[in-house]
Structure formats: structure tokens, C-alpha cells
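Protein chains in written order, with my numbering: chain R, 6 to 279; chain U, 6 to 279.
What follows is a set of notes on a single structure, which appears directly below.
Number of protein chains: 2
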Amino acid sequence: MKMNRNAPIGVFDSGVGGLTVAREIMRQIPNERIVYFGDTARVPYGSKSKETVTRYSRQIVRFLRTQDVKAIVVACNTASAYALDEIEKEIDIPIIGVVKPGAKVASDATRNGKIGVIATEATIGSEIYSRYIKEINPKAEVLGKACPLFVPLVEEGLLHDPVTDEIAMRYLSGLIDSGIDTLILGCTHYPLIRSTVGKVVGEGVTLVNPAYETARELRELLEQEELLNETKPELGSNQYQFFVSDAAEKFIRFANSIIKYGILSAKVINIETY
Amino acid sequence: MKMNRNAPIGVFDSGVGGLTVAREIMRQIPNERIVYFGDTARVPYGSKSKETVTRYSRQIVRFLRTQDVKAIVVACNTASAYALDEIEKEIDIPIIGVVKPGAKVASDATRNGKIGVIATEATIGSEIYSRYIKEINPKAEVLGKACPLFVPLVEEGLLHDPVTDEIAMRYLSGLIDSGIDTLILGCTHYPLIRSTVGKVVGEGVTLVNPAYETARELRELLEQEELLNETKPELGSNQYQFFVSDAAEKFIRFANSIIKYGILSAKVINIETY
Numbered sequence: 006m007k008m009n010r011n012a013p014i015g016v017f018d019s020g021v022g023g024l025t026v027a028r029e030i031m032r033q034i035p036n037e038r039i040v041y042f043g044d045t046a047r048v049p050y051g052s053k054s055k056e057t058v059t060r061y062s063r064q065i066v067r068f069l070r071t072q073d074v075k076a077i078v079v080a081c082n083t084a085s086a087y088a089l090d091e092i093e094k095e096i097d098i099p100i101i102g103v104v105k106p107g108a109k110v111a112s113d114a115t116r117n118g119k120i121g122v123i124a125t126e127a128t129i130g131s132e133i134y135s136r137y138i139k140e141i142n143p144k145a146e147v148l149g150k151a152c153p154l155f156v157p158l159v160e161e162g163l164l165h166d167p168v169t170d171e172i173a174m175r176y177l178s179g180l181i182d183s184g185i186d187t188l189i190l191g192c193t194h195y196p197l198i199r200s201t202v203g204k205v206v207g208e209g210v211t212l213v214n215p216a217y218e219t220a221r222e223l224r225e226l227l228e229q230e231e232l233l234n235e236t237k238p239e240l241g242s243n244q245y246q247f248f249v250s251d252a253a254e255k256f257i258r259f260a261n262s263i264i265k266y267g268i269l270s271a272k273v274i275n276i277e278t279y
Numbered sequence: 006m007k008m009n010r011n012a013p014i015g016v017f018d019s020g021v022g023g024l025t026v027a028r029e030i031m032r033q034i035p036n037e038r039i040v041y042f043g044d045t046a047r048v049p050y051g052s053k054s055k056e057t058v059t060r061y062s063r064q065i066v067r068f069l070r071t072q073d074v075k076a077i078v079v080a081c082n083t084a085s086a087y088a089l090d091e092i093e094k095e096i097d098i099p100i101i102g103v104v105k106p107g108a109k110v111a112s113d114a115t116r117n118g119k120i121g122v123i124a125t126e127a128t129i130g131s132e133i134y135s136r137y138i139k140e141i142n143p144k145a146e147v148l149g150k151a152c153p154l155f156v157p158l159v160e161e162g163l164l165h166d167p168v169t170d171e172i173a174m175r176y177l178s179g180l181i182d183s184g185i186d187t188l189i190l191g192c193t194h195y196p197l198i199r200s201t202v203g204k205v206v207g208e209g210v211t212l213v214n215p216a217y218e219t220a221r222e223l224r225e226l227l228e229q230e231e232l233l234n235e236t237k238p239e240l241g242s243n244q245y246q247f248f249v250s251d252a253a254e255k256f257i258r259f260a261n262s263i264i265k266y267g268i269l270s271a272k273v274i275n276i277e278t279y
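Structure below.
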């Protein structure tokens, strides 16, 4: 089926974190329309199993298809790690995740071949960053560390706080000691505490935010498929639409702190019925 | 419908926290069989809406009915706050939550009438502890404080840790300043950091764990309804059964750290289909 260039891009995440990816898409491909879905009724994904995250991701893809999206971005590292391979085989529109782009940038950035990855338990346990990095550079050494408290600390707003510094030091000291020169922020919440992480690991370590490269690869992919929207949507045409599975008010508050675009509404849907 | 005395009690929670309530039931009514359900695929509930938590609770009650339970304990403060009133009207077996018992003990314990409640955002926002306490003592002053980082800190195992001390000091200083003499641990995870909370609030403040009183009221209720099991189930008869919606291995590990009874297995079910 040939999609319409003017159709929106579907972007999804377990909650609000994927907005850091949506923000990058808005910056780099400003003509595109976006339908964002945040699974706020079942957030977080990072502590759940592959089976469950895959089932949830399939439901979300089915919902996004009802919105006639021309492509899908899995803006969640855990869903990219657990569900993308399977879903890719099941659908006939382009779909990309955040892991492969992040792995590519890190492989390019490292000088000593030692790359650290910080992410949820699920993403680290899947070893997916390691797999993709080694496809590019088989000699690379990839060291993963799960940081389960980072998401709650970000959601509690402790972006610049001694407690977050202390937790970051505990999580990151092993990676620093092992001599990494590149660190992937492998969870979409982590760019929000980039300055804390940077302070702890020091200037010698390059921080990689997969969001930037994901938006760049999305742009390339849309060009190849002749799906890039060539004209800016008209004002008042709902260029960006937001759907959540729960608690729209809270989502809107958080979203407006991330995206400098006045997000006025988010529609609640029952994702379990898809 | 007259239930069977030998039927199990259904106990549910958003995840593992409710095991602190199950543990109290095992201690106080050792003849009872228990079917425990932890909604690990959708945990946590404390940041979600009333509508969503009520929908989830209804699904769980439907599942527990398939296990022929004679009574249900809502061993989750958020579900007790949001869903119990409605579900009570819909079913014909006894059902109790943890909020009313906790409110009763606190009302009895306070000397100066100033009671603090720490709990999830949802439980605090519902003001349900305040409502129940004022039914008993209309002059009581009830001060609530949401503590969203406590659950992730407990799940990360930081039960005795300077970071948990620091966070506890921030959350509790307002309650201490306002002169409370009684503090309700209004989330089933919090008894696991009872010593940290106790250290911060000082010996002058009585800590109330609703689990103890909930098990006591359950025993009374079963006696009244002539549903108390009079004989100890035989060895090997699966007195305690555990079901979860995801990640059984992780649940079993955590469960065995809470309950001194070798929990060997937990069955995963798809709760969305109930």
C-alpha cells in the first residue's frame, strides 16, 4: 500500500520519555505531522518482560494504524529492544526504533572502543546495544548498567539535585573505572539529566543521545520512500496530536516542560481494546 | 450464595507490596488458604487515575472469582482508595481494603488529634484517609504527603541507605513541623522502610501499619460470616498460591525476601482478558 506523504508519523513510548524523541523530529523535520501515543496506564516498561512489552507494543501499533500513520518511530528503548524485531515483520509501513541509531553514533564516536550503555533493566538485559554495536565494530567492548532510579528521579523533577548526583555516582563509577570514552543515554528519560550524568563521568566521555540520530535516520528513510512531507501543514490543522492511555492532565503538564510548543490537549484511549 | 469455609481468601495488589498484608494474614489466621494476585504487568497504580485503577481492580476481582475465593482483601492502598466503594456494590462476597483499618488504628492511637498520612499521589489526592478518620473523630487534623520515590527506593533495595534517609527527611519534615503524633504508612511498600521513617520522625510519633489491623478485621469478618477455616489445610495442598500478570521470576525473588515461607512458583496470567 502506498502511503500519503501528508499522513502523520506515529511515535510511541511507555509514557512521556519519548517526547524527547518527538521534540527532535519536530526540530529536524518541521513539516511532518506527528501522532504521539504514551502508554501512561501501563508505564513503566523497563521492569517488565519481553512478552508483555511486545503485546503492549502490538496494541499500540494497531492503534496508530487507525490514525493512518505513514511510518512509526518506537521512541522507547525497552520497546525497541524487545518488540521491534517482531513487529517489523508484521507491518507494511516503515518502522524504526531508537537503539540502532544510538548504537551507530556511539560506534562512530568511540576512540578506544569502550562504550558504556545506561538504560532500564530490560534494555540492559536484552544486550541489544551490544549486538548492534558489534555488528558495526566487532572489537568494541560494550558495558551496560541498569539505572532503575533515574526514571523516578526525573519524574519527581530532581534534575539538578544532590540525591541524583549521589545515585548517578553509584551507578556510573564502575563504567568510569573500566575506562569507557563514550556513554549511550539508552532510555528516553535520561537526556533530561544529561548535565548530571556529564558532570559525573567527566568531559573525557562523549554522551550519546539516540534521539538526534533517530530523527536524522527517520528523515533519510522518508526521503528514500518518497514519503517526506514537502509542505508545512496549515496552522490550526493539528500538526501534533497526543494520545495517552491514562491521566491526560499530568501528561500535558510534563509534556509542556519538555517541548516548547504549547500542548493543550491529550486524548485518553483504552489501549487494551486494540 | 453461601461460600465454603475451606475456600481461599483472594488478596490483590498492584505488585509485590501487598505481600506485607498477605504476610500478616498468614501470621494471624494460619488456617486460611490464600490466592494472591500481583498486577506486575501494570504496576505501579499510585500514579494512575481513578478510572484506570478501578478498571484494573474489576478485572482482578473477576479473576479471583474464577478461583472460588470466599472473601477478597484489597491489599493496595491506591486500589482501596479508588475502587473499593464501587466494587463493594457489585459483588456478593465480603471484601475489605487496607484504608479503613488503618484509619481506625490511627484514630485510636493519636493523643493530640494530628495524624500524618504518607502514601502514593493517588491515595493522597483521594483524601480517603482523612474522610474515614473524620467519620471516627470529626476534630482530627489529617495531613497527607505523597512520597513517590519511596516505592522505587524500596524496589531498588535501598532499605537502609543515606539516600533513602535524605529523601525521607525531605518528605517528612513538613509533617514533623506541623506536630503530628501519629503517622500512617499508607502504602504497602512503606513497612519495609519502617526503620528509616521511624528514625526521621522520632520516637514521639506512633507509626501505623494498616496490614496488622486489616488481618485482624478480616478474621473478625470471617468469624461473623461463619467463614473461618477451622482446620489447617493439609501439607502439599497448596495453601498459598501466587499469580502475577508478568515477570514471575522477579516476583518470586522479591516475595521470598518479604515472606519467610519458601515461595517456589507464581503463575503468569493475562489479566487484560478478564
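A virtual CB, placed ideally from N, CA and C, is assigned to each residue, including glycine.
Nearest C-alpha to R:Pro153 among R:Leu24, R:His194, R:Ala145, R:Arg60: R:His194. Rounded to the nearest whole angstrom, the CA to CA distance from U:Glu161 to U:Asp73 is 35 Å. The contact set of R:Thr59 on chain U, defined by CB atoms closer than 7 Å, is empty, because the minimum CB distance reaches about 12 Å. A residue is called buried when at least 16 other Cβ atoms come within 10 angstroms of its Cβ; U:Thr236 does not meet this threshold and is exposed. At a cut-off of 9 Å, the C-beta of R:Ala252 has a neighbouring C-beta in chain U. Those residues of the segment 35–61 of chain R placed with their C-beta closer than 7 Å to a C-beta in chain U are Ala46, Arg47, Lys53, Ser54, Thr57, ordered along the chain.
Between the segment 24–36 of chain R and the segment 83–92 of chain R, the count of Cβ pairs shorter than 8 Å is below three; the stretches do not touch.
Neighbours of R:Glu171 across chain U, judged by C-beta separation under 7 Å: Val168. Rounded to whole angstroms, the gap between the alpha carbons of R:Ala252 and R:Tyr266 is 20 Å. At least one beta carbon of chain U lies nearer than 9 Å to the beta carbon of R:Glu160. For R:Tyr245, the secondary structure class from DSSP, reduced to helix, strand or coil, is strand. Under the criterion of beta carbons closer than 8 Å, R:Glu222 and R:Ile101 qualify as touching, at roughly 6 Å.
From the listed residues U:Glu56, U:Ala108, U:Ala111, U:Ile123, the smallest Cα separation to U:Ile92 is found for U:Glu56. Interface annotation, R:Glu277: in contact with chain U, CB-CB separation under 9 Å.
Taking a Cβ-Cβ cut-off of 9 Å, U:Leu24 has no neighbours in chain R, whose nearest Cβ is about 17 Å from it. Contact check for U:Ile198 against U:Leu164 passes: the beta carbons are separated by less than 9 Å. In terms of beta-carbon proximity, U:Lys255 lines the interface with chain R, with at least one pair separated by less than 9 Å.
U:Ile14 sits in a strand when the DSSP states are folded into three classes. Under the DSSP definition of a beta bridge, U:Val40 partners with U:Gly15, U:Gln246. The bridge partners DSSP lists for R:Leu212 are R:Leu188.
By the CB criterion at 9 Å, R:Val210 and R:Asp186 fall inside the cutoff. Between U:Arg38 and U:Ser242, the C-beta gap is smaller than 9 Å, which places the two residues in contact. Between the segment 107–121 of chain U and the segment 142–151 of chain U, the count of C-beta pairs closer than 8 Å reaches three or more; the two stretches touch. DSSP places U:Leu148 in the uninterrupted beta strand (DSSP E) bounded by 146–151. Contact between the segment 61–80 of chain R and the segment 256–271 of chain R is absent, with fewer than three C-beta pairs closer than 8 Å. Counting only Cβ-Cβ distances below 9 Å, U:Leu197 has no contacts in chain R at all, with the closest Cβ about 16 Å away.
Short of 7 Å from the beta carbon of R:Val206, and not among the five residues preceding or following it, lie these beta carbons of its own chain, in chain order: Leu177, Ile181, Leu188. Shortest Cα-Cα distance from R:Ile141 to any of R:Ser19, R:Thr115, R:Gly22 involves R:Thr115. A direct Cα-Cα distance of roughly 21 Å separates R:Leu240 from R:Ile257.
Taking 4 residues as the shortest admissible run, the segment 92–156 of chain U contains the following complete alpha helix (DSSP H) segments, listed from N- to C-terminal end: 104–114, 126–131, 133–141.
Taking CB atoms only, R:Val202 has no neighbour in chain U less than 9 Å away. The three-state secondary structure of R:Val66, taken from DSSP, is helix.
For R:Pro99, not one C-beta of chain U is nearer than 9 Å to its own C-beta. Comparing C-alpha distances from U:Glu277 to each of R:Ile14, R:Arg47, R:Asn36, R:Tyr41 shows the shortest one belongs to R:Arg47. Assigned with DSSP and collapsed to three states, R:Ile34 falls in coil, not helix or strand.
The alpha carbon of R:Gly20 has as its nearest neighbour, out of R:Tyr61, R:Pro35, R:Gln229, R:Ile14, the alpha carbon of R:Tyr61.
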